Amino acid sequence: MKSTSPLALFTVCALLAAPALAAEEQPGLTGCAAKQQSISAQIEQARSHGNAEQQSGLEMALREVQAHCTDASLRKEREQKVLDARHEVAQRKKDLDKAMKKGDAEKINKRKDKLAEANKELQAALQELEQ
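Sequential numbering of the sequence shown, starting at 8, is according to this note's numbering.
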């Protein structure tokens, strides 16, 4: 089995992080324009730190965004993320209810923690959708 290269992993992380970073850097930009601006800012930061590998990965990510990103597809992706997060919250609530019926304090605490994490992810997905 071939392992994923660190460059590919970084590129994916950069693409996923771009909307959050874009909101901080250019509040007037939204959607794909914000994503492109965020990646461009990261490229400049990598260039200023002399990180050629990171810069190369980000440049590849920027080309992908420029070639394939549309505001409609980005919105659809974000809506799907919200739906997935809502499903996860519902599942975590069911798991917590089961644990509470059994009365196992350790499992109840674990399920509460997982539910809290799922709620955080849902809130993040909702915020991303609003951008």
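The beta carbon of each residue, even a glycine, is placed where N, CA and C say it ideally should be. Computed from a predicted structure; not experimentally measured.
Which class does residue i belong to by DSSP, given the choice of helix, strand or coil?
i	result
residue 58	coil
residue 138	coil
residue 69	helix
residue 122	helix
residue 38	helix
Say whether chain C places a C-beta atom closer than 9 Å to the C-beta of residue i.
i	result
residue 62	Within the model displayed, chain C is absent; a lone protein chain is all it includes.
With distances taken between CB atoms, is the gap from residue i to residue j smaller than 9 Å?
i	j	result
residue 132	residue 88	yes
residue 68	residue 59	no
residue 36	residue 49	no
residue 72	residue 121	no
residue 138	residue 38	yes
residue 86	residue 136	yes
Counting along the chain, where does the alpha helix (DSSP H) carrying residue i start and finish?
i	result
residue 103	78 to 109
Cβ pair count under 8 Å reaching 3, the region 91 to 100 against the region 121 to 131: Contact between the region 91 to 100 and the region 121 to 131 is present, with at least three C-beta pairs closer than 8 Å.
Given 8 Å, three or more beta-carbon pairs between the region 82 to 91 and the region 101 to 115: No, because fewer than three Cβ pairs between the region 82 to 91 and the region 101 to 115 fall closer than 8 Å, the two stretches do not touch.
Sufficient close CB pairs (3 or more, under 8 Å) joining the region 69 to 76 to the region 110 to 120: Flag = no, the region 69 to 76 and the region 110 to 120 do not touch.
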